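As they're listed, the protein sequences go chains A and B. With numbering that gives the first Met the number 0 applied, the first sequence covers 0 to 158. With numbering that gives the first Met the number 0 applied, the second sequence covers 0 to 158.
Number of protein chains: 2
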Amino acid sequence: MINNETVSIDRIIENLIYLHPLLSKSLTRSIRSKTNLNPGSLYILGMLSKHEILSMSEIGCKLSMPKPHVTGQVDKLITEEMVERLFDPNDRRIVNIRMTEKGKEDFKAIKLEVSQDMRQRIEKLNDEKLNALYDSTQVVRDILSDIMIDTKMTLCTKI
Amino acid sequence: MINNETVSIDRIIENLIYLHPLLSKSLTRSIRSKTNLNPGSLYILGMLSKHEILSMSEIGCKLSMPKPHVTGQVDKLITEEMVERLFDPNDRRIVNIRMTEKGKEDFKAIKLEVSQDMRQRIEKLNDEKLNALYDSTQVVRDILSDIMIDTKMTLCTKI
DNA sequence: GAAATTGGTTACAAAAGTATAACTATTTAT
DNA sequence: ATAAATAGTTATACTTTTGTAACCAATTTC
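In structure tokens, the structure reads:
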């Protein structure tokens, strides 16, 4: 399908660069208008809903947030009772974060709220395009989440 | 492949929500560190490289930027001589924006700079995954750019 | 031709994210 | 046991983006 690797990588990157503001448009704006959370704390919830438990540093690492920002966002989520701190008995420096049941429910509702505009647009797609979008977003997500996230914490210590 | 539409739409949206900070991570950070442009003005260049000529309002509409912000970002791009204003003879209120030759060259170089980290990660993929990512980003881009952008300007007058 | 609308700019305030340094508490290394 | 490194918080300054309102010039409407 592709005969020149460099060209295809350029194109992939161009696609991703183009995609980014498109997502921002739909998501960030409605997060702002429809919730009392910052986009940043929503991303933290997204990560937590995938990884169950993450330390403060891991959150900052995976989302590329500066540590002080993570602290602030998590504080907000805690006052909303959407996440809780778990102190690690093995290493008492580490603060692990986990979603509460309330957090999970709220997050589900928020996702529905936030994506309403996008949902309405996606719903208008015909089955063929819907399936294509489903498959493709899955592939992009899987591959990108694999290569973009530094699982080795050593790479993230500076953040 | 999918038998329940609602479920698949949920999943699509979840994928997109998850994808967003992943792209931010790689792109926004390096835009900041490697260029003297804001992410916002880079997105404007991205739109211009696809649409050739756009009015100020159209830019704000497609990127969901408030009009005053568009003015500021375009001003920056003009002082960098990367875009130029074209006054519309048919409607002298309209200010059309187009990339200069310098802008096109610079943008190409900036994209290369900005995506270096991402490029290195993508390069490590095997051919199969590379092809999958190529195809999928293309599909996501095509479909999303189709449904997310309000071509009817009437929907954007308030921005 | 007067009134309303539209495209764009200016000015200003507020929100969100980023960057840095200093600091505490804990753990690891020597 | 002391020194160095790590996890996290606090404080602060800064950049980027968002949101409003007021305004001008050009166009459209009636």
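Cβ atoms here follow ideal geometry from the backbone N, Cα and C, with glycine treated the same way. Nothing here was measured: the structure is a model prediction, and the numbers come from that model.
Contacting residues, own chain, Cβ-Cβ under 8 Å from residue i (five flanking each side not counted)
i: A/Lys-101; result: Glu-80 and Met-81
i: B/Thr-27; result: Pro-38
i: A/Thr-70; result: Met-55
i: A/Ser-114; result: Ser-25, Leu-26 and Ser-29
i: B/Met-152; result: Low local confidence applies: a pLDDT of 42 at B/Met-152 is under 50, so the model's placement there is unreliable, with the coordinate-based value given in what follows. Taken in chain order, the residues that qualify are Ser-56, Glu-57 and Cys-60.
One or two residues paired with residue i in a DSSP bridge
i: A/Val-139; result: According to DSSP, which records beta bridges pairwise, A/Val-139 is partnered with nothing at all.
i: A/Arg-84; result: A/Ile-96
Inter-residue spacing [alpha-carbon to alpha-carbon] between residue i and residue j
i: A/Lys-75; j: A/Glu-83; result: 11 Å
i: A/Pro-67; j: B/Asn-89; result: 52 Å
i: B/Gln-72; j: A/Asp-87; result: 46 Å
i: A/Ser-63; j: A/Glu-57; result: 9 Å
i: B/Ile-77; j: A/Gly-59; result: 36 Å
i: B/Arg-118; j: A/Arg-10; result: 11 Å
i: A/Leu-15; j: B/Ser-32; result: 19 Å
i: A/Val-138; j: B/Glu-13; result: 13 Å
i: B/Ile-52; j: B/Asn-95; result: 6 Å
i: A/Thr-136; j: A/Ile-93; result: 34 Å
i: B/Lys-49; j: A/Arg-91; result: 52 Å
i: A/Ile-1; j: A/Asn-35; result: In this predicted model, A/Ile-1 has a pLDDT of only 49, less than 50, meaning its place in the structure is not dependable; the value taken from the coordinates is given anyway. One C-alpha to the other measures close to 46 Å.
i: B/Ile-109; j: A/Ile-109; result: 36 Å
i: A/Leu-111; j: B/Ala-131; result: 29 Å
i: B/Leu-129; j: B/Ile-121; result: 7 Å
i: B/Pro-65; j: A/Leu-124; result: 28 Å
i: A/Lys-103; j: B/Ile-8; result: 19 Å
i: A/Asp-116; j: A/Leu-85; result: 36 Å
i: B/His-19; j: A/Ile-146; result: 15 Å
i: B/Leu-21; j: A/Tyr-17; result: 14 Å
i: B/Asp-134; j: B/Ser-23; result: 21 Å
Own chain, CB closer than 6 Å to residue i, minus 5 neighbours either side, in chain order
i: B/Met-98; result: Leu-47 and Val-82
i: A/Arg-140; result: none
i: A/Leu-44; result: Phe-106
i: B/Ile-41; result: The residue asked about is misnamed: residue 41 of chain B is Leu in this sequence, not Ile. Same-chain partners within the cutoff: Ile-30.
Proximity test, residue i beta-carbon vs the ligand PLP heavy atom, cut-off 7 Å
i: A/Ser-25; result: In the structure on display, the ligand PLP does not appear, and there are no ligands present to speak of.
7 Å Cβ shell around residue i - same chain, five flanking residues per side excluded
i: B/Leu-143; result: none
So if I threshold CB-CB distances at 7 Å, which residues from the stretch 90 to 118 of chain B count as touching chain A? Lys-110, Ser-114, Met-117 and Arg-118
Ignoring anything shorter than 3 residues, give me the beta strand (DSSP E) runs that lie fully in the stretch 50 to 80 of chain A, in order along the chain. Unbroken beta strand (DSSP E) stretches of 3 residues or longer found wholly inside the stretch 50 to 80 of chain A: 52 to 54, given in chain order.
In chain order, what are the residue ranges of uninterrupted beta strand (DSSP E) at least 3 long that sit wholly in the stretch 94 to 118 of chain B? 94 to 98
Select from the stretch 129 to 142 of chain A all residues with a C-beta closer than 8 Å to any C-beta belonging to chain B, and list them in chain order. Leu-129, Asn-130, Ala-131, Leu-132, Tyr-133, Asp-134, Ser-135, Thr-136, Gln-137, Val-138, Val-139, Arg-140 and Ile-142
Counting only Cβ-Cβ distances shorter than 9 Å, please list the residues of the stretch 66 to 78 of chain B near chain A, keeping chain order. Nothing from the stretch 66 to 78 of chain B brings a Cβ to less than 9 Å from some Cβ of chain A.
Short-range partners of chain A found in the stretch 21 to 35 of chain B, where Cβ spacing is below 9 Å: Leu-21, Leu-22, Ser-23, Lys-24, Ser-25, Leu-26, Thr-27 and Arg-28
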